[in-house]
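Chains as they are written, first to last, in my numbering: chain A, 1 to 145; chain B, 146 to 386.
Beta carbons: idealized from backbone N, C-alpha and C, even for Gly.
On a predicted model such as this, the values are computed, not experimentally measured, just so you know.
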Amino acid sequence: MSNDTPSTPHTTTAGYLLVALALVAGTALTVGLSFVNLGKLGNGLAALAIAGAEAALVLYYCMHIRESARIIGIVAFGTFIWLAILFLFPVGDLLARTSSDIPKAQAFDPADLHRQEMDQKWLQYQHDLRSAGAPADAPAPTPAH
Amino acid sequence: MSDGHAMHPTHQKHYFDSMRQQTESTKLGMWLFLSQEIMFFGGLFAAYTIYRIMYSDTWHVASGIVRHSLHLGVINTLVLILSSLTVSFAVQSARKGSRSGILSWLFATLVLASVFLAIKSVEYRAKFDEYLVPGFNFDWQKHLDVMIHAGHDAAPAASVPVEVARHTPPGIQVFFSLYFAMTGMHALHMIIGMGLIVWIMVLTTRGRFTPEYHPHVEYFGLYWHLVEIVWIFLFPLLYLA
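Dropping the structure here:
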């Protein structure tokens with residue numbers, strides 16, 4: 001048990017410096033990747049993966065999970081399980097819904113109807129802008145009506 | 146001495162069997178606190194995720210706006226990484242029993258934290274000037290005018306009806322509410338941390354810490370690293386979404 005053997009050496013100065021360098025490199029990589037189009041989900045997931053790796057380094061070396069009693073590691077790991085539940089259930093619920101599952105408020109106010117219509121047109125406009133940002137041989141954007 | 150306190154080290158509370166048990170217990174308590182801090186920020190990150198799914202196009206537009214200050218975000222990330230390093234060195238000094246080491250590394254952390262907050266306030270000021278503060282001065286039309294004037298945006302193409310191009314993106318205020326809530330909560334944690342630094346520096350000058358007993362420094366280190374981890378996720382999600 002790590003409880004009885006406090007012999008894991010402390011993180012050294014060189015160790016802290018290496019972690020800091022890794023974090024700087026991770027930041028540079030994250031910013032660099034944001035200029036490359038990896039698809040609608042790709043960029044976000046890549047950035048999160050790098051952030052996750054950086055966080056793991058900080059937790060393990062700088063926050064001394066490495067040299068702490070096992071119970072500390074269990075608490076830290078357990079927190080991320082709770083966090084996963086916090087994310088997975090609402091997001092799963094949201095993704096599983098279709099528009100017909102969401103009750104629509106009756107829009108009696110003509111201003112609301114107009115806003116909803118404009119929202120749709122704006123979304124179409126954004127879609128067109130994005131396809132215009134696609135490779136040069138992509139079809140020209142169709143103007144919104 | 147006949148009282149029980151002579152039986153154990155000065156810093157050991159009488160309800161612990163040993164210093165080792167005391168250290169393990171208080172450290173566990175600190176980690177449980179950090180755990181709820183992670184869940185607290187987790188709630189904000191979950192809200193971000195849900196609204197990002199609901200308003201993905203708006204998020205794209207909004208993070209494009211935050212990206213105008215990407216250079217400030219990058220500088221702040223580097224400042225925070227450096228402050229994390231100085232805190233690690235303060236903890237290391239405490240373990241070696243170097244009072245001057247604790248004081249100088251904590252002072253360096255205090256300076257870096259001030260730089261971070263100063264840069265953050267410049268960004269907040271810019272959001273204010275760009276009419277992007279929900280519940281305070283949010284105005285998308287004025288925002289677009291400021292952007293066009295500053296050369297960040299072009300006037301909408303003639304092929305698109307102006308009313309559509311200048312339509313307020315659905316959910317845009319949700320993004321900026323989350324932007325201020327998340328970065329604001331993070332900044333608040335840093336301000337609290339700066340208060341803790343001053344307190345620990347005072348305790349250090351009073352000679353409260355020894356190589357065997359310096360939990361304040363150790364646990365402050367844990368807190369500060371957690372604040373850094375929160376920023377590690379905030380930075381790509383808000384600036385590079």
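- When CB distances to chain A are screened at a threshold of 7 Å, the residues of the region 162-184 of chain B falling below it are E169, K172, L173, W176, L177, S180, I183, M184, in chain order.
- F378 (chain B) reaches chain A at L48, A51, A55, counting residues in chain order whose Cβ is nearer than 8 Å.
- Note that the region 21-36 of chain A does not touch the region 234-248 of chain B; fewer than 3 beta-carbon pairs, one per stretch, sit closer than 8 Å.
- Neighbourhood of S229 (chain B) in chain A, by CB distance below 9 Å: Y16, V19, A20, L23, V58, C62, in chain order.
- If you draw a straight line from the Cα of R212 (chain B) to the Cα of H156 (chain B), it is about 50 Å long.
- The three-state reading of DSSP puts K265 (chain B) in helix, counting H, G and I together.
- Residue contact with chain B for S131 (chain A): absent (no Cβ-Cβ distance below 8 Å to any residue of chain B).
- DSSP, reduced to helix, strand and coil, places H370 (chain B) within a helical segment of the structure shown.
- Distance from the CA of F321 (chain B) to the CA of A207 (chain B), rounded to the nearest whole angstrom, comes to 8 Å.
- Buried is the label assigned to V58 (chain A), since at least 16 other Cβ atoms lie within 10 Å of its Cβ.
- Residue contact with chain B for L113 (chain A): absent (no Cβ-Cβ distance below 8 Å to any residue of chain B).
- In the pairwise beta carbon analysis, the region 224-238 of chain B is classified as touching the region 361-376 of chain B: at least three pairs are separated by under 8 Å.
- Taking C-beta atoms under 8 Å as the contact rule, E182 (chain B) and L371 (chain B) qualify, at a distance of about 6 Å.
- By alpha-carbon distance to I220 (chain B), the top candidate from B:T231, B:G174, B:A258 is B:A258.
- Only those residues of the region 355-368 of chain B whose C-beta falls short of 7 Å from the nearest C-beta of chain A are listed: L367.
- For G39 (chain A), the nearest beta carbon of chain B is not closer than 8 Å to its own beta carbon.
- Contact check for A47 (chain A) and T30 (chain A): beta-carbon distance about 5 Å, within the 8 Å limit, so the pair qualifies.
- Contact between the region 244-258 of chain B and the region 170-178 of chain B is not established, with fewer than three Cβ pairs separated by less than 8 Å.
- With a threshold of 8 Å between beta carbons, D109 (chain A) makes no contact with chain B.
- Within chain B, K172, L173, W176 have C-beta atoms less than 8 Å from the C-beta of I72 (chain A), given in sequence order.
- Sixteen is the threshold: since fewer than 16 other Cβ atoms of the shown chains lie within 10 Å of the Cβ of M199 (chain B), the residue is exposed.
- Assignment of R311 (chain B) by DSSP, reduced to helix, strand and coil, places it in the coil class.
- Judged by DSSP secondary structure, F320 (chain B) falls within the alpha helix (DSSP H) whose first and last residues are 317-350.
- Closest by C-alpha distance to A235 (chain B), out of B:A302, B:W369, B:I336, is B:W369.
- Pairing I345 (chain B) with L251 (chain B) gives a Cβ-Cβ distance under 8 Å.
- Rounded to whole angstroms, the Cβ separation of T203 (chain B) and P315 (chain B) is 6 Å, and the two are in contact under 8 Å.
- Look at the beta carbons and you see the region 49-56 of chain A not touching the region 351-371 of chain B: under three pairs across the two are nearer than 8 Å.
- Taking all protein chains shown into account, A55 (chain A) has 16 or more neighbouring C-beta atoms within 10 Å of its C-beta and is therefore buried.
- W285 (chain B) is positioned such that its CB atom lies closer than 8 Å to that of I317 (chain B).
- Under the three-state reduction of DSSP output, G280 (chain B) falls in the coil class, being neither helix nor strand.
- Using a Cβ-Cβ cut-off of 9 Å, G44 (chain A) is close to R197, P381, L382, L385, A386 of chain B, given in chain order.
- Sequence-distant Cβ neighbours of G352 (chain B) in its own chain, meaning closer than 8 Å and more than five residues away, are R244.
- Nearest CB-CB separation between L29 (chain A) and chain B: not below the 8 Å threshold.
- Contact of P154 (chain B) with chain A by beta-carbon distance below 9 Å is absent, the smallest such distance being about 16 Å.
- Contact of P9 (chain A) with chain B by beta-carbon distance below 7 Å is absent, the smallest such distance being about 11 Å.
- Beyond the five residues adjoining it in sequence on each side, L94 (chain A) comes within less than 8 Å, by CB distance, of no other residue in the same chain.
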